[in-house]
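Have a look at the structure below, then the notes.
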Amino acid sequence: MISNLIFRPVSLNDLDQIYDLSKFTQTGMTSLPINKSLLKDKILLSEKSFSKKVDSVSDEYYLFVLEDITLNKVIGVSAILASVGIGQPFLTFDIKTVKTASKQLDLNSSYDIFSLKKQYNGPSELLTLFLHPDYRKSGIGRFLSLVRFLFIKQHQLRFKQSIIAEIRGDIDANGRSLFYDVLIKPYLKMSFDEADKLSQIDKSFLIDLLPKAPFFIDVVEPYVNYSIGKAHHISRLAMSILESEGLKKSMSVDVLDAGPKIKAKLNNVRVFSQIKLFKYFNILDKLDEKTLFMVSSGKLNNFRACIAQLDDYAKLAILDSPSFRECLKQGNQLSYVRLYPKSRQSIFYKMNLSTQKKLFKTPFLKEFSLWYQERLPSHQKLDKHK
Numbered sequence: 000m001i002s003n004l005i006f007r008p009v010s011l012n013d014l015d016q017i018y019d020l021s022k023f024t025q026t027g028m029t030s031l032p033i034n035k036s037l038l039k040d041k042i043l044l045s046e047k048s049f050s051k052k053v054d055s056v057s058d059e060y061y062l063f064v065l066e067d068i069t070l071n072k073v074i075g076v077s078a079i080l081a082s083v084g085i086g087q088p089f090l091t092f093d094i095k096t097v098k099t100a101s102k103q104l105d106l107n108s109s110y111d112i113f114s115l116k117k118q119y120n121g122p123s124e125l126l127t128l129f130l131h132p133d134y135r136k137s138g139i140g141r142f143l144s145l146v147r148f149l150f151i152k153q154h155q156l157r158f159k160q161s162i163i164a165e166i167r168g169d170i171d172a173n174g175r176s177l178f179y180d181v182l183i184k185p186y187l188k189m190s191f192d193e194a195d196k197l198s199q200i201d202k203s204f205l206i207d208l209l210p211k212a213p214f215f216i217d218v219v220e221p222y223v224n225y226s227i228g229k230a231h232h233i234s235r236l237a238m239s240i241l242e243s244e245g246l247k248k249s250m251s252v253d254v255l256d257a258g259p260k261i262k263a264k265l266n267n268v269r270v271f272s273q274i275k276l277f278k279y280f281n282i283l284d285k286l287d288e289k290t291l292f293m294v295s296s297g298k299l300n301n302f303r304a305c306i307a308q309l310d311d312y313a314k315l316a317i318l319d320s321p322s323f324r325e326c327l328k329q330g331n332q333l334s335y336v337r338l339y340p341k342s343r344q345s346i347f348y349k350m351n352l353s354t355q356k357k358l359f360k361t362p363f364l365k366e367f368s369l370w371y372q373e374r375l376p377s378h379q380k381l382d383k384h385k
């Protein structure tokens with residue numbers, strides 16, 4: 000399956016398939032609306048961004064699709080926004096802890112408050128990540144998320160030095176957010192679904208209606224408090240993937256569903272910092288030792304990426320596949336990085352067999368006996384001369 004998948008920039012020809020894909024999403028995924036007109040606008044904006052000459056980072060939006068080239072089927076999407084807070088401010092609730100103390104009563108106390116934050120010209124953002132349910136296996140979801148860093152590495156002048164991701168919040172099967180219903184609905188006077196859909200078109204109503212002054216969150220019921228900063232069950236894996244690469248949870252949450260925000264400096268992201276370039280490689284029909292890598296070639300509209308099986312311990316060898324051949328059509332200047340972090344276990348198993356044999360020249364029972372004797376109190380040790 001993975002040998003037939005290509006990651007590429009979106010085109011208007013993908014509209015119908017992306018619309019069909021959007022029907023698998025649930026309430027709360029504002030960046031992939033079930034609305035053909037809005038999806039078309041996103042695709043057109045993306046096409047404009049890919050073809051645009053960028054002198055300074057602005058609101059460029061890069062949307063990609065993951066295609067199964069054997070079926071000519073779009074099975075996933077993901078995107079990058081060059082900078083948040085361009086045109087309209089990027090809104091979040093910052094969580095702050097206020098501490099108080101009374102010398103008279105010898106009493107210390109603390110409580111949490113929400114404070115509306117407006118951010119302009121902010122960091123780059125990872126967004127619009129969605130994969131067809133039938134393809135959520137074999138590391139494909141991980142690839143769809145992390146492959147964006149290959150594009151960023153190839154086009155660093157188009158992005159900020161910091162990256163964030165908004166994670167969908169805790170929304171139930173009926174599309175309700177407890178956080179929204181208790182704390183936000185009294186200000187907006189509409190259902191969560193209505194606010195969610197309206198925010199996809201224009202967020203100015205949020206700026207107008209959300210509370211300007213900080214407000215307490217410790218006074219609400221515990222079950223509501225528990226939902227603050229909690230990821231939707233479908234989004235938890237996506238969040239854990241990014242956290243495993245170095246993104247950290249911030250003290251900010253979404254203004255509608257209280258979903259968590261994670262962030263990092265690009266150079267602190269494992270996958271970004273370990274990307275390498277190569278021109279010379281061997282394409283083989285069979286590999287004895289192979290590891291999953293993300294490989295990309297081309298730039299902007301010609302950017303292509305795939306999952307490839309490589310052996311990079313000696314001369315770089317790549318297992319032949321339809322998706323890798325598709326990447327090569329954009330040129331043989333390739334970027335690559337491991338799909339999964341390198342583990343100590345994999346290094347151990349790739350040790351030379353002769354080296355391993357040296358470790359076990361002494362029989363195990365003899366070694367254990369010597370080790371055990373060294374740790375016994377002197378009066379309990381065996382007399383070797385008896």
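If you read the sequence shown in numbering that gives the first Met the number 0, its first letter stands for residue 0, the second for the next number, and so on.
Glycine included, C-beta positions come from ideal geometry on N, C-alpha and C.
Since the model is a prediction, treat every value here as computed from it, not as a measurement.
| Query | Result |
| --- | --- |
| Please specify which runs of the alpha helix (DSSP H), each continuous and at least 4 residues long, are wholly inside the stretch 204-257, giving them in chain order. | 221-226, 235-243 |
| Classify G75 as helix, strand or coil using the three-state DSSP reduction. | strand |
| Along the chain, where does the beta strand (DSSP E) containing Y61 start, and where does it finish? | 60-67 |
| Short of 6 Å in beta carbon distance, which residues of its chain neighbour K35, apart from the five on each side in sequence? Order them along the chain. | Y18 |
| Return the chain-ordered ranges of every beta strand (DSSP E) run that is complete within the stretch 148-199 and spans a minimum of 3 residues. | 161-165 |
| Using DSSP with H/G/I as helix, E/B as strand and the rest coil, what is K39? | helix |
| Rounding to the nearest angstrom, what Cα-Cα distance links A100 and L80 in this structure? | 44 Å |
| From P210 to L241, what distance separates their C-alpha atoms? | 31 Å |
| Return yes when the Cβ of I112 is within less than 8 Å of the Cβ of M250, no when it is not. | no |
| Ignoring anything shorter than 3 residues, give me the beta strand (DSSP E) runs that lie fully in the stretch 78-139, in order along the chain. | 89-101, 106-118, 123-130 |
| For S21, report the span of its alpha helix (DSSP H) as first-last. | 14-21 |
| Pop quiz: A304 and F6 are said to be a contact at Cβ under 8 Å. What is the actual Cβ separation, rounded to whole angstroms? | 4 Å |
| I'd like the list of long-range same chain contacts for S161, defined as Cβ closer than 6 Å, with 5 residues on each side in sequence excluded. | P122, K264 |
| Less than 8 Å separating the beta-carbons of Y335 and F292? | yes |
| Looking at F150 and I306, is the spacing between their C-beta atoms short of 8 Å? | no |
| Can you tell me whether V146 is helix, strand or coil according to DSSP? | coil |
| Does the Cβ-Cβ distance between V252 and K262 come in under 8 Å? | no |
| DSSP three-state call for I346: helix, strand or coil? | Legend: pLDDT at I346 = 39, less than 50; position of this residue unreliable, no value from coordinates given. |
| Exposed or buried, which one is N173 when buried takes at least 16 other CB atoms within 10 Å? | exposed |
| Going by the beta-carbon positions, is the gap between V268 and L246 smaller than 8 Å? | yes |
| Closest to D452 by C-alpha separation, out of N120, Y134, Y222, L197, would be which residue? | Absent from the structure is residue 452, since the part of the chain shown begins at 0 and ends at 385. |
| Just how far apart, CA to CA, sit K196 and K41? | 15 Å |
| Comparing alpha-carbon positions, which option in Q153, L299, I1, F178 lies nearest I216? | F178 |
| Looking only at DSSP bridge pairs, what is D311 linked to? | Bridge partners of D311: none, in fact. |
| Secondary structure at F6, three-state DSSP: helix, strand or coil? | strand |
| If distances are taken between C-alpha atoms only, which option among P185, I166, Y186 comes closest to S30? | I166 |
| Hey, how far is the Cα of C395 from the Cα of L205? | No answer is possible for residue 395: the residues shown for the chain start at 0 and end at 385. |
| For the alpha helix (DSSP H) containing S55, name the first residue and the last one. | Segment: none, S55 is in no alpha helix (DSSP H) and carries neither H nor E. |
| So, for T91: in the same chain, excluding its five sequence neighbours on each side, which residues have a beta-carbon less than 6 Å away from its beta-carbon? | K116, S251 |
| From the DSSP output, read off the bridge partner residues of M392. | Since the displayed the chain opens at 0 and closes at 385, residue 392 lies outside it and no answer follows. |
| Between which two residues does the beta strand (DSSP E) containing F277 stretch? | 275-277 |
| Could you have a look at L318 and say whether DSSP puts it in helix, strand or coil? | strand |
| Who are the near neighbours of I139 in its chain, counting only those whose CB is closer than 6 Å to its CB and skipping five residues on each side? | none |
| Terminal residues of the continuous beta strand (DSSP E) containing I261? | 259-264 |
| Considering only the alpha carbon of each residue, which of K98, I74, K136, Y110 lies closest to L130? | I74 |
| So, at 7 Å on beta carbons, what are the nonlocal neighbours of V9 in its own chain, with the 5 sequence-adjacent residues on each side left out? | I42, S45, L62, F63, V64 |
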